[in-house]
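Notes follow the structure.
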Amino acid sequence: MVVKLTQKQADYLETFGNLEDEINKKRALCHITRFGYGYNWIGGDKCPSSAFECYEQLKMVEAVINGYEVIEPKFKFYN
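Just so we're aligned, residue 636 is where the sequence shown starts under the numbering used here, counting upward by one.
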């Protein structure tokens, strides 16, 4: 099942490169769950992220595993 993400969340996942590559996928999962890579193996609940809230952590993990699509806004506002 494909997960729907905001543009900001999709841009965050694109920083890890092609998620079809296992190394990039593992790196993305470690950074999203905040379990490793400079976080001293602490749990991810206490580490804030600029791309997503803590309650969206599972959603981001599912997006890495199952794939994602970007939510297009229904309304565009012009100034």
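For each residue, glycine too, the CB sits at the ideal point set by N, CA and C.
Answer yes if the stretch 702-713 comes into contact with the stretch 657-669, meaning at least three C-beta pairs across the two stretches below 8 Å, and no otherwise.
Judged by pairs of C-beta atoms under 8 Å, the stretch 657-669 does not touch the stretch 702-713, as fewer than three such pairs exist.
Nearest-angstrom beta carbon gap, Y703 and A645 [assumed within contact, 8 Å]
Along the sequence shown, one-based indexing puts residue 645 at 10. Along the sequence shown, one-based indexing puts residue 703 at 68. With 8 Å as the limit, A645 and Y703 qualify as a contact, their Cβ atoms being about 6 Å apart.
Under 8 Å by Cβ, that's how I've got V696 and I667 pegged, so tell me the actual separation to the nearest angstrom.
The residue given as residue 696 occupies position 61 in the sequence shown. The residue given as residue 667 occupies position 32 in the sequence shown. Contact holds; Cβ gap of about 6 Å.
Using the beta-carbon count (16 or more within 10 Å), is Y690 buried or exposed?
Start at 1 with the first residue of the sequence shown, and residue 690 comes out as number 55. It counts as exposed.
What are the boundary residues of the alpha helix (DSSP H) that includes Y647?
Within the sequence shown, the letter at position 12 stands for residue 647. Here the alpha helix (DSSP H) through Y647 covers 642-649.
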